[in-house]
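Since the structure comes first, as structure tokens, the remarks are kept for the end.
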Amino acid sequence: MRQTEITAPVQTKAANRRRKPLVDFAVRLVKEKPLGTFGAIIILILIFTGIFANVLAPYDYKDFQMKDSLQPPSAAHLLGTDNLGRDLLSRIIFGARISMIAGLGGAAISVTISTLIGGFSGFLGGKVDVAVQRFVDAWMCFPALILIMTVMAILRPGLAQVVLVLGISGGVGGSRIVRGTVIGIKQNVYVEAARATGCPTRQILSRHILPNIMAPIIIMFSVGVGSMILSEATLSFLGFGLPPTIPSWGGMLSGEGRRYMYMAPWLAIWPGAALALVVYGVNMFGDALRDLLDPRLRGGLGRYGVKSKRPARELSKKQTV
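When we follow the working numbering, the leftmost residue of the sequence shown carries the number 1140, and every step to the right adds one.
As structure tokens, this is what we get:
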């Protein structure tokens, strides 16, 4: 009984210590970055809408009634209907699922490729680094949109193809950020000490390199989500993305939105507003993450960028002692 009574508070304190960084980050985000908080709310709404699209949508996005075509917003159809009589609100809600999958999936693939290429290139250095960076230079010489359109023209349209192509294209170019961070970290004393003690390369990468580059990786992921959503919408708008039957925001702007824009302006207004709001929220949250996680942007005021409340005399006494 006594041992159980002693270990219970210890376990509770350990759990509180594990939760504290996340709670502190959330508090700082709300207090210091109101636009970042707004962006985080938009991202949560996007994820919630994408997951529960079947429940939230009042109609199926494929249901059409020709007699209700190009109807303005009303009680039956809150955002109006398209040229086939399909409910626009339902198609925008299902389009949020497409944007969520494209954004999160493409950013995850992009960050993974950037970490693998940039991490090994920066850590190994020498001829390997030179060869890899010349490949990256050659890849970045091609216009990204033209390269993606060429690959998508070879492959058949589909969500998996779009996510894979966007992730690979963004990952190769983003590897330079990871490479620069790894080069700066591997010159630190603790990495040299690990090498001197005979620590295997695998452990050095997993215990010393990877944990110290997590902040840039998280920032790259958050910023990349908005870029992937916008790229998917661009491909769908140009006709190289998803098939016309799938409700993508970019495809809605390209098809009926552009064709009937003057007769029914809501066909272009609502998908464009949803796309702009989501990309804006993701970018604001990414900027807030960069400001809160990047130690170079904390002003040299300690871990959380907040000045100490202790008076200067007390600090000087401690230093003297």
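Every residue, glycine too, gets a C-beta built ideally from N, C-alpha and C.
*Segments assigned alpha helix (DSSP H), at least 4 residues, entirely inside the region 1374 to 1422*: Those alpha helix (DSSP H) runs which fall completely within the region 1374 to 1422 and span 4+ residues are 1388 to 1393, 1395 to 1398.
*For K1456, which residues from the same chain have a beta carbon less than 6 Å from its beta carbon, with the 5 sequence-adjacent residues on both sides left out?*
Summary for K1456: the model assigns pLDDT 43, below 50, so the residue's position carries little reliability, and this model does not support an answer.
*Thinking C-beta only, is V1311 closer than 9 Å to G1244?*
Cβ distance not < 9 Å, so G1244 and V1311 don't count as in contact.
_Span of the alpha helix (DSSP H), counted from its first residue to its last, around K1325_ = Segment 1298 to 1325, the alpha helix (DSSP H) holding K1325.
*Taking just the CA atoms, how far does F1233 sit from V1194?*
Each residue's alpha carbon lies about 10 Å from the other.
_Simplified DSSP assignment, three categories, for T1220_ = Looking at T1220 - three-state DSSP - the assignment turns out to be strand.
*asked:* For a quick check, are the C-beta atoms of G1130 and A1246 less than 9 Å apart?
replied: The structure shown does not extend to residue 1130, since the chain is modelled only from 1140 through 1460, so no value can be given for it.
_Simplified DSSP assignment, three categories, for D1199_ = The answer is coil: DSSP assigns D1199 none of H, G, I, E or B.
*Between N1351 and Q1326, what straight-line distance do the alpha-carbon atoms span, to the nearest angstrom?*
Between N1351 and Q1326, the C-alpha separation is close to 13 Å.
*Thinking C-beta only, is S1208 closer than 9 Å to T1254?*
Contact flag unset, no.
*Alpha carbon to alpha carbon, how far is L1431 from D1199? Give it in angstroms, no decimals.*
Near 41 Å, if we compare the C-alpha coordinates of L1431 and D1199.
*What residue ranges within the region 1202 to 1274 form continuous beta strand (DSSP E) runs of no fewer than 3 residues, ordered along the chain?*
Whole beta strand (DSSP E) segments, 3+ residues: zero.
*Given L1428, which residues of its chain have a CB within under 6 Å of its CB, disregarding the five upstream and five downstream residues?*
Excluding five sequence positions before and after L1428, the CB atoms of its chain that fall closer than 6 Å to its own CB belong to I1358, S1361, given in chain order.
*From L1324 to V1330, what does the alpha carbon distance come to, in whole angstroms?*
Looking at the sequence provided, one finds Ile at residue 1324 rather than Leu. The alpha-carbon of I1324 is positioned some 8 Å away from that of V1330.
*State the DSSP-derived secondary structure class of T1176, mapped to helix, strand or coil.*
Correct three-state label for T1176: helix.
_P1337 in three-state terms, based on DSSP_ = A quick correction: the sequence has Gly, not Pro, at residue 1337. It is coil, neither helix nor strand.
*Could you check what DSSP says for F1281 in three-state terms: helix, strand or coil?*
Taken through DSSP and simplified to helix, strand or coil, F1281 comes out as coil.
*Is the CB-CB distance between I1287 and S1370 below 9 Å?*
In contact: I1287 and S1370 (Cβ atoms closer than 9 Å).
_Straight-line Cα distance separating P1197 from R1273_ = Their backbone Cα atoms lie some 52 Å apart in a straight line.
_is_contact[G1219, chain C] using C-beta, thresh 9 Å_ = Annotation note: the requested chain C is absent from the structure, which comprises a single protein chain.
*Throw me the rounded Cβ distance for the L1298 and L1381 pair, which I believe falls under 8 Å.*
Indeed, because the Cβ distance is near 6 Å, the residues count as touching under 8 Å.
*Is F1187 helix, strand or coil by DSSP?*
Helix at F1187.
*Which word fits R1295, buried or exposed, when buried means at least 16 other C-beta atoms lie within 10 angstroms of its C-beta?*
Exposed: under 16 other Cβ atoms inside 10 Å.
*If we ignore side chains and look at the alpha-carbon of each, how far apart do I1203 and G1258 end up?*
Note that residue 1203 is Phe in the sequence shown here, rather than Ile. Roughly 51 Å between the two C-alpha positions.
*Can you say whether S1337 is buried or exposed, counting buried as having 16 or more other CB atoms within 10 angstroms of its CB?*
It should be pointed out that residue 1337 corresponds to Gly in this sequence rather than to Ser. G1337 is exposed by the Cβ-count criterion.
*Buried or exposed for R1397, please, with buried defined as at least 16 other CB atoms from any protein chain shown within 10 angstroms of its CB.*
Label assigned to R1397: exposed.
*How many Å lie between R1346 and V1250 at the Cα?*
The straight-line gap from Cα to Cα measures roughly 19 Å.
*asked:* I need the straight-line Cα distance from L1218 to P1212, nearest angstrom please.
replied: L1218 and P1212: Cα-Cα distance of roughly 5 Å.
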